[in-house]
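Just so you know, we're using our numbering here: the sequence shown kicks off at 1 and counts up by one.
Working notes for the structure below.
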Amino acid sequence: MNLAGVQIIEVCLATRPHNGGLISLDDLCKLLGQRRKAVRETISEDDCLRAISKLKVLGSGFEVITVGKRKLVRSVPTELNKDHNEILELAQAQGFVTVDEVQRRLNWSSGRATDALETLFEEGLAMIDDGHRDGKRRYWFPCVSSVSSYVGADTL
């Protein structure tokens with residue numbers, strides 16, 4: 001395994017508490033770039049994709065998936081179904097969704113929306129915010145938020 005592969009694993013493990021094991025390819029490349037500043041090595045998106053494809057032999061769940069127009073790197077062996085992908089795509093606009101918004105925008109029943117959102121929460125891909133003044137629970141998805149939102153991103 002090459003250095004890029006090792007560094008990808010390190011970044012994915014370091015960010016997992018914040019994103020549940022799902023990070024945008026763009027954010028992963030940015031974080032790798034920050035790590036390589038000292039050696040003045042750049043890493044392209046293509047370099048990342050090649051390194052990730054080599055990590056598949058480890059059988060540890062490393063995979064690139066496409067959600068909407070965005071590529072995400074999954075570093076946990078969680079299977080996302082079509083419902084989960086649609087929610088992630090919807091959340092890209094503002095970083096979070098509510099059950100009501102999922103029902104309205106995807107034309108789903110309350111049960112379907114709640115079930116999919118709770119599964120994403122249980123898998124560690126979503127965080128719950130019950131503190132908004134409108135009283136509506138928000139499901140936040142760090143995996144579709146910008147890399148600058150990671151706590152301690154500069155220390156990775």
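Idealized CB from N, CA, C, for every residue including glycine.
{"query": "Identify every residue that forms a DSSP beta bridge with Arg74.", "result": "Leu22 and Glu63"}
{"query": "Grab the span of the beta strand (DSSP E) containing Arg138 for me, first residue to last.", "result": "Arg138 to Trp140"}
{"query": "Alpha carbon to alpha carbon, what distance is there between Ile23 and Val73?", "result": "5 Å"}
{"query": "Let me make sure I understand the geometry here. Which of Glu122, Asn19, Pro17 and Leu28 has the alpha-carbon closest to that of Val6?", "result": "Leu28"}
{"query": "Spell out a yes or no on whether the stretch 43 to 51 and the stretch 118 to 127 are touching, meaning 3 or more CB-CB pairs, one atom from each, closer than 8 Å.", "result": "no"}
{"query": "Between Leu106, Gln34, Gly95 and Val64, which lies nearest to Tyr139 when the distance is taken from Cα to Cα?", "result": "Gly95"}
{"query": "Pop quiz: Val159 and Leu88 are said to be a contact at Cβ under 8 Å. What is the actual Cβ separation, rounded to whole angstroms?", "result": "Here the chain has residues from 1 to 156 only, and residue 159 is not among them."}
{"query": "Which one or two residues does DSSP pair with Val97 in a beta bridge?", "result": "Tyr139"}
{"query": "Taking Glu63 as the reference, which of Pro142, Gly124, Ile8 and Arg137 has the closest Cα?", "result": "Ile8"}
{"query": "Kindly indicate which three-state DSSP category Leu13 falls into: helix, strand or coil?", "result": "helix"}
{"query": "Among Thr42, Gly68, Lys56 and Arg112, which residue has its Cα nearest to the Cα of Ala91?", "result": "Gly68"}
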